[in-house]
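> Handing you a structure now.
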Amino acid sequence: MSESWVDKYRPRELKEVIGQSQALKAMLGWAEGWRKGKPKKPALLLYGAAGTGKTVATAALAREFGWDLIELNASDKRTLKIVQQVAGTAATTGTLFAGAGGKRLVVLDEADNVYGTTDRGGYRAIEELLKQTQNPVVLIANDQYAIPWKIRGICFAINFRRLTKDVIASVLQRICRAEHIEADPIALNVIAETVRGDLRSAINDLQTIAAGRKRLAIKDVVLYRRDREASIFDVLKQLVYAKGVREARELLWALDKAPDDALAWIDENIPRMFADPADRARAYDAISRADTFLGRARRRQAYGLWRYASDLMSAGVALSREGELKFVRFQPPSSGKYFGRTRSVRAVRDSAAKKIAARCHTSSKVARKNFLPYLHLIFKHDKKAASRIAAELELSDTEVNYLKSMR
Ligand SMILES: Nc1ncnc2c1ncn2[C@@H]1O[C@H](COP(=O)(O)OP(=O)(O)O)[C@@H](O)[C@H]1O
Ligand SMILES: [Mg+2]
Numbered sequence: 027m028s029e030s031w032v033d034k035y036r037p038r039e040l041k042e043v044i045g046q047s048q049a050l051k052a053m054l055g056w057a058e059g060w061r062k063g064k065p066k067k068p069a070l071l072l073y074g075a076a077g078t079g080k081t082v083a084t085a086a087l088a089r090e091f092g093w094d095l096i097e098l099n100a101s102d103k104r105t106l107k108i109v110q111q112v113a114g115t116a117a118t119t120g121t122l123f124a125g126a127g128g129k130r131l132v133v134l135d136e137a138d139n140v141y142g143t144t145d146r147g148g149y150r151a152i153e154e155l156l157k158q159t160q161n162p163v164v165l166i167a168n169d170q171y172a173i174p175w176k177i178r179g180i181c182f183a184i185n186f187r188r189l190t191k192d193v194i195a196s197v198l199q200r201i202c203r204a205e206h207i208e209a210d211p212i213a214l215n216v217i218a219e220t221v222r223g224d225l226r227s228a229i230n231d232l233q234t235i236a237a238g239r240k241r242l243a244i245k246d247v248v249l250y251r252r253d254r255e256a257s258i259f260d261v262l263k264q265l266v267y268a269k270g271v272r273e274a275r276e277l278l279w280a281l282d283k284a285p286d287d288a289l290a291w292i293d294e295n296i297p298r299m300f301a302d303p304a305d306r307a308r309a310y311d312a313i314s315r316a317d318t319f320l321g322r323a324r325r326r327q328a329y330g331l332w333r334y335a336s337d338l339m340s341a342g343v344a345l346s347r348e349g350e351l352k353f354v355r356f357q358p359p360s361s362g363k364y365f366g367r368t369r370s371v372r373a374v375r376d377s378a379a380k381k382i383a384a385r386c387h388t389s390s391k392v393a394r395k396n397f398l399p400y401l402h403l404i405f406k407h408d409k410k411a412a413s414r415i416a417a418e419l420e421l422s423d424t425e426v427n428y429l430k431s432m433r
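Numbers 27 to 433, taken from our numbering, label the letters of the sequence shown in order.
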């Protein structure tokens, strides 16, 4: 088992990219537009969860249109230099981006994690690049809202959805067949279920579990999962005994989870271990403040705030305890939390803000900042007015619920 299956079974052509037909159609339409000169939106912003095909679809698109692919990693300092140079000299021929003949597709991967974010130099350079480019550009990000709105405004945003369990299971099935592994379909379903729409993780899990096997049974998958969760539980358990901030911080690193996920695991398991209600209250307080910082970090693209969130969810929680511990059975976070709770709430908030903005002739940002809090009061206290406004703005039930219950 030398070659990674993720590479071995990577789609080369657009038609091999599965479960993303809407996104692919939009990408093709945009690329066609480039044939008639620089379109109004010279860049694509592909956003969505990891392992859903953003990078492979981009490469396949370039191949389909006969464009050279120039891949840059936005979080790399050297990339910023190149982008700055190009943005400054876009008109001159012979530079990397202004070559004669066929187009080049410039890909900025990890565009939500741009080098030089603190001084905003990175995003300014990208903005300049998008204004001046004579070539198609693709920005790739997990979180579209981590991209400054000025840049988002120049981009044609396309969402890559989390792949469904069935789609993922079918890919795993196909790989098993190619690898001559006889797999129980339920075993593959179990893998597919746990990866939250991330096909890359599913394929990696499959390769790890299937290593050296000709058959794959449910128990193989279950044992593998138990192993993995056991190590998470171990780290969580140690976190409870952390003596100082540094130790707690290091344990959080060892947890090896994205901040939102780490918070969900901690929220689910640690406060319940505290016997004393006062300890528990302090722990939940630290968790909720960590959550606030995470939300703020995301909204303002102020990723420095992650540090406060991390310290609050690790040391803040661990050091809340003065009293006894009690035994509890650890469990993975309840799915609502684990499935990117904050993100979907944010999506609802933004769709409501958009409707308000359109109606009140203002920007979504202003609507969000100035109107939502006010509407919240109305929706909470004045049922009649609320239903009139809801009808007027054509708000969905989810949006209405959001307005009623928002913090
Ligand atoms: N929609 C998809 N169709 C086929 N394979 C996919 C798809 N999404 C992900 N994969 C598999 O996962 C790997 C990673 O995909 P990638 O495009 O890098 O994901 P992303 O850029 O969205 O994180 C690919 O090499 C491929 O094996
Ligand atoms: Mg990628």
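The C-beta atom is built at its ideal place from N, Cα and C for all residues, glycine as well.
Is ILE434 near ligand 1, with its Cβ less than 8 Å from a heavy atom?
Outside the displayed span of the chain (27 to 433) sits residue 434, for which this structure offers no information.
> Could you pull the start and end residues of the alpha helix (DSSP H) that GLN192 belongs to?
Within the sequence shown, residue 192 is the residue found at index 166, counting from 1. What sits at residue 192 in the sequence shown is Asp, not Gln. Its alpha helix (DSSP H) spans residues 191-204.
> Can the beta-carbon of VAL43 be found less than 9 Å from the beta-carbon of ALA100?
On the sequence shown, residue 43 is found 17 positions in, with the first residue counted as 1. On the sequence shown, residue 100 is found 74 positions in, with the first residue counted as 1. No, the Cβ-Cβ distance between VAL43 and ALA100 is not below 9 Å.
> Note down the Cα distance separating MET299 from LEU320, rounded to an integer number of angstroms.
One-based indexing of the sequence shown puts residue 299 at position 273. One-based indexing of the sequence shown puts residue 320 at position 294. If I take the Cα positions, the gap works out to 24 Å.
> Using a 10 Å radius around the Cβ and a threshold of 16 neighbouring Cβ atoms, would you call THR118 buried or exposed?
Here the question's residue 118 lines up with position 92 in the sequence shown. The pLDDT assigned to THR118 is 42, lower than 50, so where the model puts this residue is not dependable; a value taken from the coordinates is nonetheless given after this. Result: exposed.
> At which residue ranges does the region 43-78 contain complete alpha helix (DSSP H) runs of 4 or more residues, listed in the order of the chain?
Entirely contained in the region 43-78, the alpha helix (DSSP H) runs reaching 4 residues are, in chain order, 47-60.
> Less than 8 Å between C-beta atoms, sequence neighbours within five positions excluded: which residues of the same chain meet that for ALA268?
Along the sequence shown, one-based indexing puts residue 268 at 242. So the list reads ALA274, LEU277, SER340, ALA341, ALA344 and LEU345, once near-sequence residues are dropped.
> CA-CA distance, GLU153 and ILE166?
As a first step, residue 153 must be located in the sequence shown, where it is residue number 127. As a first step, residue 166 must be located in the sequence shown, where it is residue number 140. GLU153 and ILE166: Cα-Cα distance of roughly 15 Å.
> Ignoring anything shorter than 4 residues or poking outside the region 262-332, list the alpha helix (DSSP H) runs there in chain order.
List check, alpha helix (DSSP H) in window: 271-281, 285-295 and 303-325.
> Taking 8 Å as the cut-off, does the CB of GLY45 come closer than this to any heavy atom belonging to ligand 1?
In the sequence shown, counting from the first residue as 1, residue 45 sits at position 19. Yes, the beta carbon of GLY45 sits closer than 8 Å to at least one heavy atom of ligand 1.
> Per DSSP, which residues does ALA183 bridge with? Please list them.
Residue mapping note: residue 183 aligns to position 157 of the sequence shown, counting from 1. Note: ALA183 sits in a beta bridge opposite LEU71.
> Buried or exposed: PRO303, going by 16 or more other Cβ atoms within 10 Å of its Cβ?
Within the sequence shown, residue 303 is the residue found at index 277, counting from 1. Counting Cβ neighbours within 10 Å, PRO303 comes out exposed, since fewer than 16 surround it.
> Any heavy atom of ligand 2 within a distance shorter than 8 Å of the CB on ASP169?
Numbered from 1 along the sequence shown, position 143 holds the residue referred to as residue 169. No, Cβ of ASP169 sits at least 8 Å from all heavy atoms of ligand 2.
> With a threshold of 8 Å, establish whether the CB of ASP33 neighbours any heavy atom of ligand 1.
Translated into the one-based positions of the sequence shown, residue 33 becomes position 7. Yes.
> Assuming TRP291 and LEU338 make a contact with CB atoms under 8 Å, what is their CB distance in whole Å?
Working through the sequence shown from its first residue, we reach residue 291 at position 265. Working through the sequence shown from its first residue, we reach residue 338 at position 312. At roughly 15 Å, the Cβ-Cβ gap does not stay under 8 Å, so TRP291 and LEU338 are not in contact.
> Within the region 133-181, note down every full alpha helix (DSSP H) run reaching 4 residues or more, in order along the chain.
Those alpha helix (DSSP H) runs which fall completely within the region 133-181 and span 4+ residues are 147-158 and 175-180.
> With a threshold of 16 other CB atoms inside 10 Å of the CB of GLU425, please say whether the residue is buried or exposed.
For this step, residue 425 is matched to residue 399 along the sequence shown. Answer is buried; the Cβ neighbour count reaches 16.
> Residue range of the alpha helix (DSSP H) that GLU97 falls in?
Sequence index remark: in the sequence shown, residue 97 carries index 71 (1-based). Segment 94-99 is the beta strand (DSSP E) holding GLU97; no alpha helix (DSSP H) there.
> Taking Cβ positions, are ILE235 and ILE212 nearer each other than 9 Å?
Within the sequence shown, numbered from 1, the residue matching residue 235 stands at position 209. Within the sequence shown, numbered from 1, the residue matching residue 212 stands at position 186. Contact flag unset, no.
> Can you name, in chain order, every residue of its own chain whose Cβ lies under 8 Å from the Cβ of HIS206, other than the five neighbours on each side?
Here the question's residue 206 lines up with position 180 in the sequence shown. Excluding positions up to five away in sequence, the list reads LYS240.
> With DSSP collapsed to three states, give me the class of GLU350.
Position 324 of the sequence shown, counting from 1, holds the residue named residue 350. Reduced to three states, the DSSP call for GLU350 is coil.
> For THR121 and ALA328, what's the separation of their Cα atoms in angstroms?
The sequence position of residue 121 within the sequence shown is 95, counting from 1. The sequence position of residue 328 within the sequence shown is 302, counting from 1. Only weak support is given to the placement of THR121: the predicted model assigns it a pLDDT of 47, under 50, and the value that follows is read from those uncertain coordinates. Using only the alpha carbons, I get a separation of about 34 Å.
> Measuring alpha carbon to alpha carbon, tell me which of ILE415, ARG251 and LYS352 ends up nearest VAL216.
One-based indexing of the sequence shown puts residue 216 at position 190. Comparing Cα positions, the closest option is ARG251.
> Nearer than 8 Å: is that true of the beta carbon of GLY77 relative to any heavy atom of ligand 1?
Residue numbering aside, residue 77 sits at position 51 when the sequence shown is read from its first letter. Yes, since a heavy atom of ligand 1 falls inside the 8 Å radius drawn around the Cβ of GLY77.
> Look up ARG130 in the DSSP assignment and give the residues it is bridged to.
Within the sequence shown, numbered from 1, the residue matching residue 130 stands at position 104. Per DSSP, ASP94.
> What is the rounded straight-line gap between the Cα of ARG385 and the Cα of ALA307?
Here the question's residue 385 lines up with position 359 in the sequence shown. Here the question's residue 307 lines up with position 281 in the sequence shown. Near 42 Å, if we compare the C-alpha coordinates of ALA307 and ARG385.
> Starting from ILE207, trace the alpha helix (DSSP H) both ways and give me its first and last residue.
In the sequence shown, counting from the first residue as 1, residue 207 sits at position 181. Run containing ILE207: none; DSSP gives neither H nor E here.
> Please classify ARG188 as buried or exposed, where buried requires at least 16 other C-beta atoms within 10 Å of its C-beta.
As a working mapping, residue 188 is identified with position 162 in the sequence shown. Flag for ARG188 reads buried.
> When you compare the region 103-111 with the region 54-68, are there three or more beta-carbon pairs, one atom per stretch, that lie closer than 8 Å?
Because the criterion of three Cβ pairs below 8 Å is not met, the region 103-111 and the region 54-68 do not touch.
> Going by DSSP in three states, THR121 sits in which element: helix, strand or coil?
Position 95 of the sequence shown, counted from the start, is the residue given in the question as residue 121. A caution first: THR121 carries a pLDDT of 47, below 50, which makes its placement in the model unreliable, though a value can still be read off. Coil, per DSSP.
> Please state the DSSP three-state secondary structure of LEU421.
As a first step, residue 421 must be located in the sequence shown, where it is residue number 395. In the structure shown, LEU421 sits in coil (DSSP, three-state: anything other than H, G, I, E or B).
> In the DSSP output, which residue or residues are listed as bridge partners for ARG241?
Position 215 of the sequence shown holds residue 241. BP columns for ARG241 point to GLU208.
> Please return the same chain residues whose Cβ sits closer than 6 Å to the Cβ of THR220, not counting the five positions on each side in sequence.
Your numbering for residue 220 matches position 194 in the sequence shown. Nothing meets the Cβ criterion.
> For ligand 1, is there a heavy atom less than 8 Å away from the beta-carbon of PHE353?
As a position in the sequence shown, residue 353 is number 327, starting the count at 1. Incorrect: PHE353 has no Cβ contact closer than 8 Å to ligand 1.
> Between the region 159-175 and the region 193-209, do at least 3 Cβ pairs fall closer than 8 Å?
In short, these stretches do not touch, since the Cβ pair count stays below three.
> Taking the alpha carbon of ARG150 as the reference point, which residue from ALA137, ALA335 and ASN161 has its own alpha carbon closest?
Against the sequence shown, residue 150 aligns to sequence position 124. Closest by alpha carbon: ALA137.
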